[in-house]
Structure formats: structure tokens, C-alpha cells
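If you're matching positions, the sequence shown starts at 646 in the numbering used here and goes up one per residue.
Backbone N, C-alpha and C define an ideal beta-carbon position, used for all residues, glycine too.
Bear in mind that the values here come from a model prediction, so they are computed numbers and not experimental data.
First up is the structure itself, then whatever we jot down about it.
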Amino acid sequence: MADELAWETLTTDIAYSCPGFDIVHEDVELPDGTETDFDFLREGDSVVVLPLTPDGDVVVIEEWRQAVKRANRALPAGSMEADDAAPRDAVDRELREETGYEAERVRHLHTAEPANGYADSVFHYFLAEGCEPTAEQELDFDESIRVETAAFDELLESVRSGDLRDGRSAVGLMYYALFER
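Here it is in C-alpha cells:
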């Protein structure tokens, strides 16, 4: 049975496309019969990794973010690629490529839609334990990343104080602190 709140999609076009996302334009009919249009960002699924070393420290990255014109402290994260059958397939690759670390164990923590009012983004959060620097970073051409480790409690405090402003990372750290630790 259809949801009485559902909109009917009449047409769909890609208004703009670039590496990483599309802007989708849809003509829709609202439940009351009104026809209008709706635009949204199509980004798809990504993974966010909370990597813990054997000592319990967190492997974090500092990455330049051009949109906000500053280095951003964050957890490793990245988009799923065409050959990833499931989000778990992207975890090892993103952790290794961005940090040079590899995990002994990985498990799913949480899945969230961070901005479903205007984007179809889905973030799959994973805990990676026993992380060791056993590989080389393999950054994409447009990535500028520095790798470090930090105490979990220090990162959690940086979320509270507003120093860690990356939303994906803040959710992952708070979820782990609230439900897993």
C-alpha cells in the first residue's frame, strides 16, 4: 500500500553532473494533486571508518576542504565504488588509501541519511579495530591528507567544544561513545 504522504515522480533529469555527485531535477505531483519541481543532490552511499589502534587510539586525518577553506580533522571516509558489492567492501580500501593503516577486525556500527531533505546520501559507519600502519597511502589526485592518531576521549571532547566540525566524524564518534563503548 502506498504511503499517503508520497509524492509521485513525473519526470527525472540530471541538471548537473560532476565527479562525486549529480544534481537531479524532478517534476513531481504532491498528494493534493499540485504539480511542482524538486531538485536534490545524488551522492549515493559512503563509508565512514572509526579506526582504533591496538592501544585504543583513533587514526584520524586532516584533509583540506576547499568549500570551507581549511584543514578538516576527520575520520577516514569515502564513496562506494562501482565494484563494491556492499559497504563493507569499501572500508578496507578507504582506510588503506587515506591512512596507510589496515584493520584486524571490522564491524558495522550504524547507517544514517545525514541530509535526506535535499540529498540521497547514505553514510555507513564501521568500527575498524587493531589498525596498524602496514600499507602506503594511495591518495586520489585531489586529496591532501595528513594522518595522525589521537586519544578517543580527546576527539570526543573536540566534538563537544566545536573544534571537530566534520559532521560525519562527529556522528561516528558520538554513536560509538553512546552505544558501543
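Can you tell me whether Val713 is buried or exposed? The criterion is at least 16 other CB atoms within 10 Å of its CB, across all chains shown.
By the neighbour-count rule (16 or more Cβ atoms within 10 Å), Val713 is not buried but exposed.
Is it right to say Phe768 is buried, meaning 16 or more other beta carbons lie within 10 angstroms of its own, or is it exposed?
Looking at its Cβ environment, which holds 16 or more other Cβ atoms inside 10 Å, Phe768 is buried.
Alpha carbon to alpha carbon, how far is Val736 from Ala722? Give it in angstroms, no decimals.
One C-alpha to the other measures close to 8 Å.
Where does Tyr821 land, buried or exposed, given buried means 16+ other C-beta within 10 angstroms?
Burial call: buried.
State yes or no: is the beta carbon of Glu747 nearer than 8 Å to at least one beta carbon in chain B?
Here chain B cannot be found, since the structure has a single protein chain.
In chain order, what are the residue ranges of uninterrupted alpha helix (DSSP H) at least 4 long that sit wholly in the stretch 698-737?
Counting only runs of 4 or more, we get nothing.
Compute the Euclidean distance between the alpha carbons of Glu742 and Ala647, then round it to the nearest angstrom.
Cα to Cα, Glu742 sits roughly 43 Å from Ala647.
How many Å lie between Tyr770 and Asp658 at the Cα?
In a straight line, the C-alpha of Tyr770 is about 30 Å away from that of Asp658.
Excluding five sequence neighbours on each side, which residues of the same chain lie with their C-beta closer than 8 Å to the C-beta of Leu650?
Here the set comprises Pro676.
Could you spell out where the alpha helix (DSSP H) holding Asp672 opens and where it closes?
It is not in any alpha helix (DSSP H) - Asp672 instead sits in the beta strand (DSSP E) that spans 666-674.
Whole angstroms is fine: what's the gap from Gly665's alpha carbon to Thr698's?
Each residue's alpha carbon lies about 30 Å from the other.
Could you have a look at Leu809 and say whether DSSP puts it in helix, strand or coil?
Coil.
Which residues in the same chain have their Cβ closer than 8 Å to the Cβ of Asn717, if we skip the five residues on either side of it in sequence?
These residues qualify, in order along the chain: Glu707, Glu708, Trp709, Arg710, Arg810, Asp811.
Quick one, which of Glu774, Val694, Glu758, Asp798 has its alpha-carbon nearest Ala623's?
It is not possible to answer for residue 623, since the shown part of the chain is limited to 646 through 826.
Between the Cα of Arg813 and the Cα atoms of Asp690, Asp702, Asp700, which residue gives the shortest distance?
Looking at the Cα atoms, Asp690 is the closest of the given residues.
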